[in-house]
Structure formats: structure tokens, C-alpha cells
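Numbering (our numbering) for the sequence shown: 1 to 367. Report on the structure given below.
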Amino acid sequence: MSYFAEADNAVGLDGSSNDRLVDDGCIHLLSMGSKVLMMQIWICMTTGRLIFRMCTHVNDDLKCILLAQVETQENVFRPGNWQHLAFTYKELPESKNKVYSKILMWVSGQRKAEVTVEYNPPRKGSLSSDSNRTFCMVGHQISQEDTIAVVAQMSLGNLLLFNGPSLGAEEAFDLYCQGPDFTSLMTCKYGNSNTDHCKYISREILQNEQICEFLMKSRGSDMSLLADSLAIVYDMHNPTQYTIYEPVIRIKGSMKLASSQRPFSAKEVSNKSLDSQALKMLQPCFERNIHSVLHEIGGIGAMVYLFARTVEISSCEKTQSMGLEIILSLTKYNQQRIQESKNCDLYSMIHQVLLRPKCIVGFHTLK
Numbered sequence: 001m002s003y004f005a006e007a008d009n010a011v012g013l014d015g016s017s018n019d020r021l022v023d024d025g026c027i028h029l030l031s032m033g034s035k036v037l038m039m040q041i042w043i044c045m046t047t048g049r050l051i052f053r054m055c056t057h058v059n060d061d062l063k064c065i066l067l068a069q070v071e072t073q074e075n076v077f078r079p080g081n082w083q084h085l086a087f088t089y090k091e092l093p094e095s096k097n098k099v100y101s102k103i104l105m106w107v108s109g110q111r112k113a114e115v116t117v118e119y120n121p122p123r124k125g126s127l128s129s130d131s132n133r134t135f136c137m138v139g140h141q142i143s144q145e146d147t148i149a150v151v152a153q154m155s156l157g158n159l160l161l162f163n164g165p166s167l168g169a170e171e172a173f174d175l176y177c178q179g180p181d182f183t184s185l186m187t188c189k190y191g192n193s194n195t196d197h198c199k200y201i202s203r204e205i206l207q208n209e210q211i212c213e214f215l216m217k218s219r220g221s222d223m224s225l226l227a228d229s230l231a232i233v234y235d236m237h238n239p240t241q242y243t244i245y246e247p248v249i250r251i252k253g254s255m256k257l258a259s260s261q262r263p264f265s266a267k268e269v270s271n272k273s274l275d276s277q278a279l280k281m282l283q284p285c286f287e288r289n290i291h292s293v294l295h296e297i298g299g300i301g302a303m304v305y306l307f308a309r310t311v312e313i314s315s316c317e318k319t320q321s322m323g324l325e326i327i328l329s330l331t332k333y334n335q336q337r338i339q340e341s342k343n344c345d346l347y348s349m350i351h352q353v354l355l356r357p358k359c360i361v362g363f364h365t366l367k
């Protein structure tokens with residue numbers, strides 16, 4: 001997993017309470033906030049639950065003080081499967097002496113948990129003038145010896161941060177359907193691609209009435225408000241940089257600008273606890289799978305050729321269907337494979353293979 005921060009120190013990862021989390025088999029997922037108040041999200045690898053922590057710092061050292069900690073009641077994380085996580089955080093004004101924060105969470109397009117965090121506002125300590133500077137830390141730095149064990153269970157995808165959007169069931173499901181390599185909500189200047197939601201439908205998804213109504217609509221969801229709220233994008237394949245979008249400022253009565261016109265800039269990650277060279281040496285842990293090497297052997301078109309060869313040399317209908325299943329699974333969650341499929345007219349190529357005399361279109365193939 002990779003590390004990303006815009007802060008003077010790696011705040012919040014060196015406290016004694018955090019050490020106990022590591023000893024208990026937890027991995028740091030995300031920290032956001034400032035030295036005054038920071039939210040941490042951890043994953044317990046043994047139970048699959050997410051842990052939310054609110055922390056503060058009384059001075060400029062690295063140790064943090066834990067204000068509150070809650071965890072999800074159900075297992076969220078499933079090793080070996082790609083999952084899309086979406087969070088919304090909102091503070092509820094209740095009283096001056098107590099702060100109530102509500103965290104809504106969607107897992108792979110489905111609303112899974114609603115967590116309420118209650119804590120006392122942090123006291124003003126002897127912090128430096130930049131104590132309110134916001135920053136984000138992503139991932140968990142591990143030793144080389146632990147890399148293989150962790151990668152076998154988990155690798156982190158891309159990160160999109162929004163500033164105060166209204167994230168609902170439709171938006172969470174639509175983001176999930178974009179896949180793990182999705183990096184932009186900006187509309188294209190010439191034509192827009194339509195997301196095929198059909199391949200992501202499951203029994204669990206259909207239990208949500210809002211998503212059922214969304215799927216029954218002839219048009220897709222309006223992501224313009226979400227696109228206007230996009231603040232930062234971090235691509236794990238380029239761990240030394242992140243993209244920051246300038247906020248949308250509208251004057252009353254002015255014309256609304258298209259999302260594609262928003263200015264953005266690429267920035268280098270920075271952290272004074274690590275020098276620039278050490279920071280550049282940090283690389284995300286990626287699982288070596290078929291996606292990571294497919295472009296080297298010709299993309300999705302090469303898999304269609306292998307499917308055709310399977311049909312030629314095997315008379316087993318189940319074996320032939322497994323070749324087709326691999327192709328369809330490769331185009332489910334990967335935007336690059338989806339684009340390759342459109343460019344090479346994938347389904348027309350598959351159709352030609354299915355029409356061959358040696359191809360057995362039976363139960364497994366239809367399934």
C-alpha cells in the first residue's frame with residue numbers, strides 16, 4: 001500500500017494506541033484532518049471490520065490522544081475480493097460540550113453501516129501556527145518481510161476525495177460500477193461514455209429500493225454535483241503525485257460551468273518526516289494478477305484468441321465456458337479492459353467464436 005500526505009509530520013501513526021492496533025493485526029487505511037482533530041480509519045485483518053478513531057494532538061510531537069473509537073458491527077472487508085468503499089462524514093451540532101459525528105458507509109454500491117462517533121471537543125494545546133493545516137495519509141508502511149503476506153490479502157486502489165457532496169445510494173452504486181482504476185468524474189469534451197450497470201447487479205443490490213428505481217430509469221445518474229465537489233484524486237499507480245481541483249465558486253445568477261472546465265494541477269507529495277528521495281522510494285504493493293500483465297500480451301483481444309484456441313482443442317463444454325467466463329470477468333471492473341473491448345468490438349469477436357462448429361453452446365456457456 002502507498003503513503004500520501006500533505007503535512008509537516010506523519011501525524012497520528014506513531015502513538016502508543018496505534019501501536020496496539022498494529023499488534024492486533026490492524027492495517028491503517030486512511031487518516032484525514034489536522035493536528036487539532038483527525039479521523040483515522042483502520043481495518044482489522046482478522047475480523048474484517050473497520051475501526052473509526054477521532055484523535056487530537058496537544059503539542060507538536062507525533063503522539064496522538066484518542067478521543068473516541070468505534071467499529072462496524074459486521075465484517076466489511078473480505079480478503080481476495082475487490083471492494084469499493086465510500087464514506088461520508090458529517091458533524092451533527094448537538095451541544096457545546098459534545099460533538100456527534102455520523103459516518104455513512106457504502107460497500108460495493110450497497111449501504112452497509114451507519115456509525116455515530118461521540119467525543120468531547122479537543123482542548124487548545126501548544127500547537128504551532130499551522131496546526132489547522134489539513135492533510136491526508138493513505139495506506140500502511142510495512143517492512144519488506146511483511147509485504148508478501150499483506151499483498152496476498154490486500155492492496156489499495158485509487159482515492160477520490162470530495163468536499164461536502166450529497167452522496168446517496170445512486171452515486172455510491174455508480175462510483176462502484178466505475179471500477180478500481182477510475183480516476184476522474186469530469187465529463188469528456190467530445191461525447192460521454194455510458195456506464196453499463198447490468199453486469200454489477202446482484203441479489204443484494206436489488207434489495208435496495210433506490211437502486212432498483214435507478215436501474216429501471218432509462219437515463220443514468222446525474223453526477224455533475226459530485227463532479228463539482230471533487231477535490232483530490234490520488235492514483236496508486238503514480239504514488240509520488242496527486243491531482244488537486246480548484247473549488248467551484250459560483251456567483252449568484254452566474255452561468256453554471258461544465259465540470260470539464262474546472263482547473264486542476266498535479267502536485268508532489270510532501271512530508272518532512274521523510275526526505276524527498278525516501279518518499280519517492282515508497283511504492284504501493286500491487287498483487288500480480290492477469291490484469292497487471294494483460295497489456296503486455298496484447299490486451300483483451302489476446303484472451304479472445306486463447307478462447308478460440310480452447311474451443312479448437314477441447315470438446316468439453318464446461319472447459320470452453322470457463323474461457324468465456326474469464327473474458328467476461330476481465331471486462332467487469334477494469335476501465336482499461338472495457339475501453340479495449342469497445343475498440344476491438346469484443347462481443348462481435350466472441351460471437352464469431354460461438355458460431356464455430358466445434359463450439360458447444362450448452363448450460364455452462366449460457367450461464
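Cβ coordinates follow ideal geometry from the N, Cα and C atoms, glycine included.
Asked                                                                                                           : Found
Secondary structure of V117, DSSP reduced to three states                                                       : strand
For L226, the nearest candidate out of L215, L167 and L159 (CA to CA)                                           : L167
Cβ of G139 within 9 Å of any chain C Cβ                                                                         : Although the question refers to chain C, the structure presented lacks it and comprises just one protein chain.
Residues bridged to G33 [DSSP beta-bridge criterion]                                                            : M38 and F135
Three-state secondary structure assigned by DSSP to Q69                                                         : strand
Per-residue burial, R35 [other beta carbons within 10 Å of its own, 16 or more giving buried]                   : It is worth fixing the name first, because residue 35 is Lys in this sequence and not Arg. Result: buried.
Spatial neighbours of L330 in its chain, beta-carbon cut-off 8 Å, leaving aside the 5 residues before and after : I290, H291, L294, I300, M303 and R337
Proximal residues to F173 (C-beta, below 6 Å), its chain only, five neighbours per side dropped                 : G109 and I211
Same chain, Cβ closer than 7 Å to F307, five either side skipped, listed in chain order                         : G323, L324, I327 and V353
Cα-Cα separation, L50 to C359                                                                                   : 47 Å
Through-space distance from S31 to V269, alpha-carbon basis                                                     : 15 Å
Endpoints, alpha helix (DSSP H) assigned at I338                                                                : Q335 to N343
Outcome for Q40 when other beta-carbon atoms lying within 10 angstroms are tallied against a minimum of 16      : buried
Per-residue burial, L13 [other beta carbons within 10 Å of its own, 16 or more giving buried]                   : Per-residue confidence for L13 stands at a pLDDT of 40, beneath the threshold of 50, marking its modelled position as unreliable; no derived number is given.
Burial state of R203 (16 or more Cβ within 10 Å)                                                                : exposed
Three-way DSSP call (helix, strand, coil) for T331 in this model                                                : coil
Close beta carbons around L29, own chain, < 7 Å, minus the five adjacent residues each side                     : I41, W42 and I43
Same chain, Cβ closer than 8 Å to S341, neighbours up to 5 away in sequence not counted                         : I300, T331 and Y347
C-alpha distance - I103 paired with R133, whole-angstrom precision                                              : 22 Å
Cβ neighbour criterion (16 or more within 10 Å) applied to L85                                                  : buried
Status (buried if at least 16 other CB within 10 Å, exposed otherwise) for S315                                 : exposed
Counted within 10 angstroms of its Cβ, other Cβ atoms place H140 as buried (16 or more) or exposed              : buried
Residue burial classification, D228 (beta-carbon count within 10 angstroms, cutoff 16)                          : buried
Backbone secondary structure at L355 - three-state DSSP                                                         : coil
Rounded C-alpha distance that separates D181 from K96                                                           : 42 Å
N334 burial status per 10 Å Cβ neighbour count (16 or more: buried)                                             : buried
Rounded C-alpha distance that separates A169 from S321                                                          : 34 Å
Between the CA atoms of Q178 and L21 - distance to the nearest angstrom                                         : 32 Å
Which listed residue (V76, R78, V115 and D196) has its alpha carbon closest to that of Y89                      : V115
Limits of the unbroken beta strand (DSSP E) element including E268                                              : F264 to E268
Exposure of P239, with buried meaning 16 or more beta-carbon neighbours within 10 Å                             : buried
Simplified DSSP state of I27, which is helix, strand or coil                                                    : strand
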